[in-house]
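Right, one structure below, let's go through it.
Residue numbers (our numbering): 44 to 698.
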């Protein structure tokens, strides 16, 4: 059900502001709202001011802690998926006295990271220089001696296809000596010793040969010595880098202090933002927020110790309180389906108890293999049980998987599917025995039976959605709208159904009743479908348009044929996997092949068809079912509570 919300209006002394806000945060059941939503806001605003605390300081510190953690988490020993988080009492979370140590540590980590970046920068520079020098390693002229008073050594790269002998001959005519230093797959690396008076002619010669001049870094000594010096530096850089990484690994062995600081700052920011919703005077302050009716007594008990005045108000006609569900353990997992679609309006109905049985049935019919269902049951419930956080969408989803697995086991047993027909195939291949698994319905032999069942479930599903719409209309005093827009459609659809049954079974009275019900409903729709139109023509066209919606209903009902289609797909693919698994026959080799193909094939089939079953079952809820009544626009209930990521807060309230 959707819990009823009431608005809390609290006036208290300014001296108690921090303590009251801390207690409300500990309760975790009050959603702070802007004071503009208070009835007497204009009068109160003229006598007070808004509390406008800055969160910039906290956000800056949180950014420092977050940066440090993002570095350390890369080196932190991997915890198990279900490792329980550390627990803090609320007063420990709200106490910011110890932040200095965490910030100092974060600063040290940032220093290590900066040093690593500096070392990497030096490494990159030297690696680039080494790469540039390597082709010239055999150049025996020191790099600081490439030019004398009368001569100069020029360095060039030439295309590999250059005729070096011809080049040397042409260069000799210019009093230039050309030597090949090295070559690779694409280039020749050459030196040219030339007189300074003839440099222009030499450069022009190399230009004609598509040569490119090379300038080496300004280093002393030979290229080989420079490369050796670089290698020593690179080795030193790597040693420093490894030492810095080890420092980070050492820091990552215990991140509890930083994680605690992260959650403390996150909670402090949440509380500071909540203060922006307060109205203050010199002596008092005003708090307003939404509280569920079930939590009123909890809030009252917490406020008893303070000098304050408070009251609870019903939501006004123009107000939209937040939405919070409360359902039993069987229905609660299906809240995940609704939450992913969007929350309903607060004055609407909770769709989850209505979704639960249909989603449960449809998913099982679509996946329809008892073996797959057992795997889902084990995976869903075991993971949900081991999860440290028993709240949130993830926990609901795993419980939903477990429940849908139960449905899959039931329908799989009805269809006789246990990993397809593996029992029959395995017994025949490896033991030469015929084992027939009992089935109430064989999908391959009786597809029409399953199709009819799917359609019947679909009609019931749609009728329930129409009934919810009628309930909402009646609840809002629109009884005639419920009769005209829903009641007449019931007559038409039920009448057509009886007419069809009568035609199939030869029951004349059933057909007659169905015919007149359909006629009565159709006439009602024609006469009332355009009742809101001002003109006669508008009323007629409105009635015809309303009756034309029969095609939409037929389309919706046909959508449920996907239940048959997905059920057949799961079973047929499972059977194909079993055929492939037993193709090599019996024996040790055959058994090993069977195990590998069986495991891989069925896991793949389970993954694909479980996802398909989820998607198509959800679609039947979102389109065919919600389309009949659902009113969205609800906003989630977001109470003031500790904002933690790495720690759990004691459920027991601090005194």
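Built from N, CA and C at the ideal position, the CB exists for glycine as well.
Range covered by the alpha helix (DSSP H) that runs through residue i
i: residue 707; result: This structure gives no information on residue 707, because the portion of the chain shown stretches from 44 to 698.
i: residue 147; result: 142 to 176
i: residue 332; result: Where residue 332 is concerned, there is no enclosing alpha helix (DSSP H), although the beta strand (DSSP E) it sits in stretches over 327 to 335.
i: residue 344; result: 339 to 346
i: residue 213; result: 207 to 215
i: residue 184; result: Neither: residue 184 is in no alpha helix (DSSP H) and is coded neither H nor E.
i: residue 480; result: No alpha helix (DSSP H) contains residue 480, which DSSP labels as neither H nor E.
i: residue 554; result: 551 to 571
Whole-angstrom distance between residue j and residue i, CA atom to CA atom
i: residue 66; j: residue 332; result: 14 Å
i: residue 389; j: residue 674; result: 9 Å
i: residue 706; j: residue 499; result: There is no way to answer for residue 706, as the model of the chain reaches only from 44 to 698.
i: residue 128; j: residue 138; result: 19 Å
i: residue 644; j: residue 372; result: 34 Å
i: residue 541; j: residue 532; result: 14 Å
i: residue 228; j: residue 173; result: 19 Å
i: residue 586; j: residue 511; result: 23 Å
i: residue 520; j: residue 526; result: 12 Å
i: residue 208; j: residue 273; result: 34 Å
i: residue 255; j: residue 245; result: 12 Å
i: residue 691; j: residue 438; result: 16 Å
i: residue 117; j: residue 343; result: 46 Å
i: residue 548; j: residue 432; result: 56 Å
i: residue 688; j: residue 304; result: 11 Å
i: residue 698; j: residue 136; result: Any reading at residue 698 is ruled out, since the residue's pLDDT is 46, under 50, leaving its predicted position unreliable.
i: residue 497; j: residue 416; result: 20 Å
i: residue 45; j: residue 369; result: 6 Å
i: residue 257; j: residue 199; result: 5 Å
i: residue 223; j: residue 106; result: 57 Å
i: residue 391; j: residue 337; result: 19 Å
i: residue 664; j: residue 524; result: 24 Å
i: residue 216; j: residue 180; result: 28 Å
i: residue 594; j: residue 374; result: 33 Å
i: residue 63; j: residue 346; result: 8 Å
i: residue 376; j: residue 588; result: 39 Å
Collapsed DSSP secondary structure at residue i in the structure displayed
i: residue 194; result: strand
i: residue 272; result: helix
i: residue 75; result: strand
i: residue 129; result: strand
i: residue 596; result: helix
i: residue 52; result: strand
i: residue 462; result: coil
i: residue 378; result: helix
i: residue 402; result: helix
i: residue 139; result: coil
i: residue 262; result: coil
i: residue 627; result: coil
i: residue 354; result: strand
i: residue 180; result: coil
i: residue 388; result: coil
i: residue 686; result: coil
i: residue 202; result: strand
Beta-carbon separation (whole angstroms), residue i vs residue j, contact threshold 8 Å
i: residue 494; j: residue 604; result: 6 Å
i: residue 678; j: residue 330; result: With a Cβ gap of about 20 Å, residue 678 and residue 330 do not count as contacting.
i: residue 78; j: residue 283; result: With a Cβ gap of about 57 Å, residue 78 and residue 283 do not count as contacting.
i: residue 507; j: residue 397; result: 6 Å
i: residue 316; j: residue 98; result: 6 Å
i: residue 280; j: residue 162; result: 5 Å
i: residue 600; j: residue 502; result: 6 Å
i: residue 565; j: residue 535; result: 6 Å
i: residue 402; j: residue 380; result: 6 Å
i: residue 614; j: residue 458; result: 7 Å
i: residue 328; j: residue 55; result: 6 Å
Host beta strand (DSSP E) of residue i (start-end)
i: residue 458; result: It is not in any beta strand (DSSP E) - residue 458 instead sits in the alpha helix (DSSP H) that spans 436 to 458.
i: residue 98; result: Per DSSP, residue 98 belongs to no beta strand (DSSP E) and is neither H nor E.
i: residue 307; result: Taken as a continuous stretch (DSSP letters only), residue 307 belongs to no beta strand (DSSP E), being part of the alpha helix (DSSP H) at 299 to 318.
i: residue 232; result: 230 to 238
i: residue 512; result: Where residue 512 is concerned, there is no enclosing beta strand (DSSP E), although the alpha helix (DSSP H) it sits in stretches over 490 to 518.
Next on the checklist: If contact is defined by three or more beta carbon pairs under 8 Å, each pair taking one atom from either stretch, is the stretch 658 to 665 in contact with the stretch 284 to 293?
Outcome noted: no
Checklist entry - Would you call the stretch 234 to 243 and the stretch 141 to 148 touching, i.e. three or more CB-CB distances under 8 Å? => result no
Checklist entry - Can you find at least 3 beta carbon pairs, one from the stretch 680 to 689 and one from the stretch 51 to 71, that sit closer than 8 Å? => result yes
Next on the checklist: Is it the case that the stretch 298 to 312 contacts the stretch 107 to 114, given that we only count it when at least three CB pairs across the two stretches are under 8 Å?
Outcome noted: The stretch 107 to 114 is in contact with the stretch 298 to 312.
Checklist entry - For the 8 Å Cβ check, are there 3 or more pairs between the stretch 46 to 55 and the stretch 345 to 361? => result Judged by Cβ distances under 8 Å, the stretch 46 to 55 makes contact with the stretch 345 to 361, as three or more pairs qualify.
Checklist entry - Does the stretch 463 to 474 touch the stretch 617 to 634, meaning 3 or more C-beta pairs lie closer than 8 Å? => result Output reads yes: the stretch 463 to 474 touches the stretch 617 to 634.
Next on the checklist: Does the stretch 261 to 278 come into contact with the stretch 185 to 193, if we say contact requires no fewer than three beta-carbon pairs (one atom in each stretch) closer than 8 Å?
Outcome noted: yes
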